[in-house]
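Residue numbers (this note's numbering), protein chains in the order written: chain B, 1 to 311; chain V, 1 to 280.
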Amino acid sequence: MFVYLLRRLLYTIPILLGVSLIVFVLFHMVGGDPTYQMLGKHANPEQVQTLRHELGLDQPLTTQFFFYLKQVVTFDYGRSYSTKQPISDMILNGIGPSLTLAIPAFFLTTVFAILISLFVAYFRGTWIDKGVVVLCVVGMSIPSLAYILFGQHILAYRWGLFPISGYEIDFPDRLQYIVMPALIWVMVSLGMDVRFFRNAILDETHQDYVRTARSKGLSEKFIFLKHVLKNSMIPIVTYVVIEIPFLLLGAFLLESFFGIPGLGSITIDAINSSDFPVLKAMTTINSLLFILGTLATDIVYTWVDPRVRLK
Amino acid sequence: MIWKEAIRRILKDRLAVICLSIICLYAFTAALAKLGLVATPWDSVVGGNYQRPSSDSISLWFGTDLFGRSVFYKMIHGTRIAMSVGLITSLISIPIGVFFGAVAGYFGGVIDEIVVWFYTTLSSIPNIMLLIAIAYVMGRGITSVYVAIGVTSWVGLARVIRGEVMKHKERDYVLAASSLGATHFSMIMKHIMPNVFHQVILNLSLQFQTAIRSEVILSYLGLGVHGQPSWGIMIDDARLELSRHVWWQLAGATLSMFFLILAFNVFGESLRDALDPKVK
């Protein structure tokens with residue numbers, strides 16, 4: 001098991017290098033020169049030259065790549081073009097608001113989805129099951145932007161149940177602002193989660209061990225609660241764990257709509273103001289988080305499914 | 001034959017037939033709009049600004065927007081853009097996915113490791129960030145939407161094809177072909193490919209859904225289609241209209257998207273059942 005984990009850990013190094021390379025190529029070679037965008041159309045060549053020198057863009061590409069790798073390792077991404085703040089500070093400040101929304105929303109979604117999927121899987125094949133599956137597919141097919149826009153309009157604007165948008169730094173006060181985005185988050189993700197969890201549970205009911213349990217006379221309820229449930233937790237836990245690092249990233253659209261100053265809002269602002277280094281930093285950090293997430297999933301896997309350790 | 005059997009089963013499934021008809025209807029509408037036979041021109045003024053939906057004329061079914069243009073015509077042209085994004089990104093991503101999957105699965109060894117490393121790396125960058133980054137660095141416009149979605153959406157297909165090809169290359173029929181002196185190229189294309197090709201068809205319905213959703217988000221973020229009535233642009237416009245109780249543009253774009261995604265979703269599922277021998 002130790003060897004397996006070590007090998008798994010070492011395997012992330014080429015992936016990390018690959019991700020840095022892709023991001024670098026994308027932003028430094030495909031992206032063209034950001035100085036023209038920053039200085040506007042009427043910049044004279046000297047200004048462009050000075051700025052290029054300041055930003056280190058006149059260095060050879062390999063030097064720039066190593067400089068970027070250093071940024072990745074030291075978590076120091078320089079300053080934002082538009083706000084002039086250090087990017088690492090912006091990111092650290094954004095994590096709090098993002099998590100304030102993401103943790104309760106994610107927790108609620110997961111708990112509801114598991115409860116509902118257990119319920120429908122138990123009543124599989126009946127009209128309850130079919131009805132819920134139809135609802136899930138319908139819910140998944142509604143664009144997420146529609147949930148946000150109609151939700152904000154009806155719940156906040158028409159009925160006045162929640163503040164339309166905004167955020168408060170003080171702790172208990174900020175909660176009122178996240179109720180509605182969190183509700184919308186649950187609505188958007190519930191359909192997909194329930195369908196996935198239900199299928200995960202039902203896949204287990206076709207396994208040989210279920211037939212064996214049935215043929216030795218165990219009751220359906222016992223088979224379901226004792227055998228099926230435990231085994232179906234493997235895909236469910238994987239699915240849930242892999243999403244955890246993304247909670248830091250927050251939900252872009254929700255955050256920018258409801259004025260929550262988290263990482264999602266920072267990214268959208270960066271797109272709107274062509275803030276090249278911020279976008280680069282966000283892309284890199286999200287990829288790092290994703291790699292961490294898959295690593296964590298694999299570690300959890302060895303714990304919930306002992307068969308993996310043998311590989 | 002797997003295809004004959006699958007088609008027979010699909011045709012027996014009433015829901016799947018309905019969904020396929022809906023998809024065909026969208027495709028037909030998109031083609032007519034492309035040829036300029038319906039809803040032209042989309043930007044002509046058909047009424048006052050923000051006119052409520054009415055049944056007086058087809059162009060007023062979903063009311064008008066800020067400039068008095070028909071929302072229904074914009075929905076039709078949005079369909080054209082959505083279908084073209086689905087089609088063109090498929091044409092980009094399927095060859096890439098099939099090529100990498102087949103090569104990695106067939107040759108194995110170092111080639112396999114390199115390909116797997118490459119797509120693991122690519123898929124380690126969260127899809128939405130990669131989409132945004134590519135669309136951003138390429139500049140706004142429909143071409144960068146095609147490229148961004150096309151080059152980010154092949155990894156799933158490559159994984160599946162790689163697994164299937166690995167399974168098939170050990171089968172007797174492939175060994176027989178190889179002992180008769182078939183080249184690597186003909187082994188992959190003539191012998192193995194026909195047996196794994198149904199995975200491509202299955203992938204197609206997913207590809208369309210991803211492409212349409214991604215296009216809407218990119219256009220909404222201002223990185224996508226420009227100067228054309230895509231559903232994402234319509235939703236972006238609608239954001240400011242709701243507070244004036246103008247709901248029809250948002251409803252129009254949402255409904256158009258909803259029925260298409262729903263049809264692809266349900267049809268994809270039926271197709272999977274029909275082609276998957278496990279559920280027989």
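Backbone N, C-alpha and C fix where the C-beta goes; we use that ideal spot for every residue, glycine too.
Would you say residue 238/V reaches chain B, if we count a Cβ-Cβ gap shorter than 8 angstroms as a contact? Within the second sequence, numbered from 1, the residue matching residue 238/V stands at position 238. Residue 238/V counts as touching chain B.
Could you name the residues of the segment 203-224 of chain V whose beta carbon sits closer than 8 angstroms to any beta carbon of chain B, in the order they occur along the chain? 213, 216, 217, 220, 221, 222 and 223
On the DSSP bridge list, what partners appear for residue 86/B? As a working note, residue 86/B is residue 86 in the first sequence. Answer is 79/B.
I'd like to know if residue 95/V contacts chain B, where contact means its C-beta is closer than 8 angstroms to some C-beta of that chain. For this step, residue 95/V is matched to residue 95 along the second sequence. Chain B contact via Cβ: absent.
In three-state terms, what does DSSP make of residue 273/B? Taking the first residue of the first sequence as 1, we reach residue 273/B at position 273. Reduced to three states, the DSSP call for residue 273/B is coil.
C-beta atoms of residue 72/V and residue 45/V nearer than 8 angstroms: Along the second sequence, read from residue 1 onward, the residue named residue 72/V stands at position 72. Along the second sequence, read from residue 1 onward, the residue named residue 45/V stands at position 45. Contact flag unset, no.
Under 8 angstroms, Cβ to Cβ, is there at least one residue of chain B near residue 137/V? Here residue 137/V is taken as the residue at index 137 of the second sequence, counted from 1. With 8 angstroms as the cut-off, residue 137/V counts as an interface residue toward chain B.
Identify the continuous alpha helix (DSSP H) that holds residue 47/B and give its terminal residues. Working through the first sequence from its first residue, we reach residue 47/B at position 47. Residue 47/B -> alpha helix (DSSP H) spans 45-55.
Do we get a CB-CB distance below 8 angstroms when we pair residue 149/V with the residues of chain B? Locating residue 149/V in the second sequence gives position 149, where the first residue counts as 1. Residue 149/V does not count as touching chain B.
What are the start and end residues of the alpha helix (DSSP H) that includes residue 167/V? The residue you call residue 167/V lines up with position 167 of the second sequence. From DSSP, the alpha helix (DSSP H) with residue 167/V extends over 155-168.
Nearest-angstrom Cβ-Cβ length linking residue 284/B and residue 133/B, presumed shorter than 8 angstroms: Here residue 284/B corresponds to residue number 284 of the first sequence, with the count starting at 1. Here residue 133/B corresponds to residue number 133 of the first sequence, with the count starting at 1. Contact flag wrong, Cβ pair sits at about 39 angstroms.
Are residue 207/V and residue 86/V touching if we call contact CB-CB under 8 angstroms? In the second sequence, the residue the question calls residue 207/V occupies position 207. In the second sequence, the residue the question calls residue 86/V occupies position 86. Yes. Within cutoff.
Give me the residue from 280/B, 234/B and 64/B with the minimum Cα distance to residue 341/B. Any question about residue 341/B goes unanswered here, given that chain B covers just 1 to 311.
Please list the residues of the segment 229-257 of chain V that have a C-beta atom closer than 7 angstroms to any C-beta atom in chain B, keeping them in chain order. 235, 238, 239, 242, 243, 250, 254 and 257
Looking only at its chain, what residues have a beta carbon closer than 8 angstroms to the beta carbon of residue 134/V, apart from the 5 residues adjacent to it on each side? Start at 1 with the first residue of the second sequence, and residue 134/V comes out as number 134. So the qualifying residues of the chain are 144, 147, 148, 151 and 152.
Looking at chain V, which residues of the segment 157-186 of chain B have a Cβ within less than 7 angstroms of any of its Cβ atoms? 157
Based on the DSSP secondary-structure assignment, which residues constitute the bridge partners of residue 45/V? Here residue 45/V corresponds to residue number 45 of the second sequence, with the count starting at 1. Beta-bridge pairing links residue 45/V to 69/V.
Under 8 angstroms by Cβ, that's how I've got residue 120/V and residue 15/B pegged, so tell me the actual separation to the nearest angstrom. Start at 1 with the first residue of the second sequence, and residue 120/V comes out as number 120. Start at 1 with the first residue of the first sequence, and residue 15/B comes out as number 15. 6 angstroms between Cβ atoms; contact.
Note the first and the last residue of the continuous alpha helix (DSSP H) segment covering residue 238/B. Your numbering for residue 238/B matches position 238 in the first sequence. Start and end: 229-243.
Pick out whichever of 84/V, 186/V, 62/V and 89/V has its Cα sitting closest to the Cα of residue 106/V. The sequence position of residue 106/V within the second sequence is 106, counting from 1. Selected option, being the one with the closest Cα: 186/V.
The alpha helix (DSSP H) enclosing residue 221/V, as first and last residue numbers: The sequence position of residue 221/V within the second sequence is 221, counting from 1. Segment: none, residue 221/V is in no alpha helix (DSSP H) and carries neither H nor E.
Inspect the beta-carbon positions of residue 110/V and residue 100/V and report whether they are closer than 8 angstroms. Counting from one through the second sequence, the residue named residue 110/V turns up at place 110. Counting from one through the second sequence, the residue named residue 100/V turns up at place 100. Cβ atoms of residue 110/V and residue 100/V: not closer than 8 angstroms.
Taking the CB atoms as reference points, tell me whether residue 151/B and residue 184/B lie closer together than 8 angstroms. For the purposes of this step, residue 151/B is identified with residue 151 of the first sequence, where counting begins at 1. For the purposes of this step, residue 184/B is identified with residue 184 of the first sequence, where counting begins at 1. For residue 151/B and residue 184/B, yes; Cβs fall inside 8 angstroms.
Hey, could you find the ends of the alpha helix (DSSP H) residue 26/V is sitting in? Here residue 26/V refers to the residue found at position 26 of the second sequence. Counting along the chain, the alpha helix (DSSP H) containing residue 26/V begins and ends at 14-34.
Using the DSSP secondary-structure output, state which residues sit across from residue 64/V in a beta bridge. Here residue 64/V is taken as the residue at index 64 of the second sequence, counted from 1. Looking at the DSSP assignment, residue 64/V forms a beta bridge with 70/V.
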